[in-house]
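Per the UniProt record's numbering, residue 1 is the first one in the sequence shown, and the count goes up by one each step. Note that CB positions come from ideal geometry on N, CA and C, so glycine has one too. This one's a predicted model, so the numbers in the text were calculated from it and none came from an experiment. Below is one structure, written out as structure tokens, with a few remarks after it.
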Amino acid sequence: MVPAWLLGLVGRCGAHRKHSKVPREGWDGGSSRNASVPPVPSGGGGGLLLAGGAKYVEVRASESLLIDGESLEMGREALGALRRALESARLARAEAEETRNDAVVAREMAQDSVRERYAERDTVLGEVLELGREIERVELRRSDLEVELGCERETQARLESEAAECAERRSRLEHLWSRNAELDQEVARAREVVRTEKNARVKAQAQASADAQQATEALRQRQERVQSELADADAAIRREKDEQGHLRRKAKGIALALEQCEADVADLLQARRQKMDQLHDQLISIEDSPLKAEYRRASQRLQKEREETEVLRLQAAVLREQGETQERRLLAMRAKKEGWEEEEAELRAELEEQRTRARAVLASRSASRKLF
1 MVPAWLLGLV GRCGAHRKHS KVPREGWDGG SSRNASVPPV PSGGGGGLLL AGGAKYVEVR
61 ASESLLIDGE SLEMGREALG ALRRALESAR LARAEAEETR NDAVVAREMA QDSVRERYAE
121 RDTVLGEVLE LGREIERVEL RRSDLEVELG CERETQARLE SEAAECAERR SRLEHLWSRN
181 AELDQEVARA REVVRTEKNA RVKAQAQASA DAQQATEALR QRQERVQSEL ADADAAIRRE
241 KDEQGHLRRK AKGIALALEQ CEADVADLLQ ARRQKMDQLH DQLISIEDSP LKAEYRRASQ
301 RLQKEREETE VLRLQAAVLR EQGETQERRL LAMRAKKEGW EEEEAELRAE LEEQRTRARA
361 VLASRSASRK LF
């Protein structure tokens, strides 16, 4: 960045638009900075004389020139001298025609000098611009430093917060250490409990095994007893069936015999009744004692046959009742067998339930052991 005061000076230097292009007497043809102004004649037709023999700088008004303070003062004096020289040049224009060629050469030399001054001005402007860029870099560096300072402050704040967090973590760590010690004690107690539980589980397993063996042995014995009873019942049922079949056959034979006897008795009674009727008619018609005795004997035989027939009927009823009793006993034996089978199924279910319960207890204890 170019300072404002320097730009103002350059603007003021470029405000003058007209300069004399006519060389004056005493022009040395060198650098414009080293060119001396000839003394002004008393008649007003000579060169410009500066106080103390100071030197001046001839500049062109078409462009601006950036110079330092001393050069600026000299430029101002030169501008004043040029103004006076311009007035003198207007009066001495005729004389200037004779020296025009020299003036052209001098003008070219002056232009070269001005180009040099422009080059110097460009150099100074470059330096000023470099200084401006340097100032910008310094400003940027300052802003960067401010940003870094802010970052450092944030870092410091973060470090302070991290220090607070570290202190809190330290306190937490101490708390965790104490908690770890408590957990170690709890683990020791839990191990002791697990050991006790393991011993109790082993005892319970042994007891359960013994109980299972005892229950199994009792169930086995009971099952064997039930099976033997079932076998005995089956044998008894078979015997009862055989006996019942024999009794049925016997009852059928007796029934057939009874039917035959009843038929025979009916025929006999019919024949006897007819005979008795005949004898009764004869007895009524005659009075023979032997016939009456035979009649009485026939009546006794008839009564005896009736009694025998009644006895046979009673025997058939008894046999029929025995068959029904055997059937009831067979049904009772079948019901008893079914009860034994149901009891055996209940015992088997109870045994399976005890085995399932023992497995569940063992599984729960194994899971608790794995958990600890």
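message: Please report the distance separating the alpha-carbon of Asp232 from that of Glu324.
response: As a working note, residue 232 is residue 232 in the sequence shown. As a working note, residue 324 is residue 324 in the sequence shown. For Asp232 and Glu324, the distance between alpha carbons rounds to 22 angstroms.
query: For Glu259, does the three-state DSSP call read helix, strand or coil?
result: Start at 1 with the first residue of the sequence shown, and residue 259 comes out as number 259. Glu259: helix per DSSP, three-state reduction.
- request: Identify which residue in Asp264, Asn199, Leu125 and Arg320 has its Cα closest to the Cα of Leu247.
  value: Mapped onto the sequence shown, residue 247 falls at position 247. Ranking the options by Cα distance to Leu247, first place goes to Arg320.
Straight-line gap, Arg301 to Lys252 (C-alpha atoms, nearest Å): For the purposes of this step, residue 301 is taken as the residue at position 301 of the sequence shown. For the purposes of this step, residue 252 is taken as the residue at position 252 of the sequence shown. If you take the alpha carbons of Arg301 and Lys252, they lie about 28 angstroms apart.
C-alpha distance - Ala360 paired with Glu240, whole-angstrom precision: Walking along the sequence shown from the start, residue 360 turns up at place 360. Walking along the sequence shown from the start, residue 240 turns up at place 240. Taking the straight line from one Cα to the other gives about 48 angstroms.
message: At the level of alpha carbons, what is the spacing between Gly132 and Glu120?
response: By 1-based counting over the sequence shown, the position of residue 132 is 132. By 1-based counting over the sequence shown, the position of residue 120 is 120. When rounded, the distance between both Cα atoms is 18 angstroms.
field: Sufficient close CB pairs (3 or more, under 8 angstroms) joining the stretch 335 to 350 to the stretch 205 to 225
entry: yes
query: Beta carbon of Arg195, beta carbon of Leu362: below 9 angstroms?
result: Here residue 195 corresponds to residue number 195 of the sequence shown, with the count starting at 1. Here residue 362 corresponds to residue number 362 of the sequence shown, with the count starting at 1. No, the pair does not count as a contact, with Cβ atoms beyond the cut-off.
message: Would the stretch 309 to 318 count as touching the stretch 261 to 278 if we require 3 or more Cβ pairs under 8 angstroms?
response: yes
query: Does DSSP put Ala92 in a helix, in a strand, or in coil?
result: By one-based count along the sequence shown, residue 92 stands at place 92. Coil at Ala92, not helix or strand.
- request: For Met74, decide whether its Cβ has a neighbour in chain B, counting only Cβ atoms nearer than 9 angstroms.
  value: No chain B appears in the structure shown, which is made up of a single protein chain.
Thr99 in three-state terms, based on DSSP: Residue numbering aside, residue 99 sits at position 99 when the sequence shown is read from its first letter. Thr99: coil per DSSP, three-state reduction.
query: Tell me which same chain residues have a C-beta within less than 7 angstroms of the C-beta of Glu243, skipping the five on either side of it?
result: If you number the sequence shown from 1, residue 243 lands on position 243. Result list for Glu243: Gln326, in chain order.
task: With a 10 Å radius around its C-beta and 16 neighbouring C-beta atoms as the bar for buried, classify Gly75 as buried or exposed.
output: For the purposes of this step, residue 75 is taken as the residue at position 75 of the sequence shown. With 16 or more other Cβ atoms within 10 Å, it is buried.
message: Quick check on Ser364: buried or exposed, where buried means 16 or more other Cβ atoms within 10 Å of its Cβ?
response: Mapped onto the sequence shown, residue 364 falls at position 364. Ser364 comes out exposed.
field: Beta carbon of Met333 nearer than 9 angstroms to that of Ala236
entry: Your numbering for residue 333 matches position 333 in the sequence shown. Your numbering for residue 236 matches position 236 in the sequence shown. Yes; because the gap between Cβ atoms is below 9 angstroms, this pair is in contact.
message: Let's test the definition: count the other Cβ atoms within 10 Å of the Cβ of Val114 and tell me whether it reaches 16, buried, or not, exposed.
response: Here residue 114 refers to the residue found at position 114 of the sequence shown. Val114 comes out buried.
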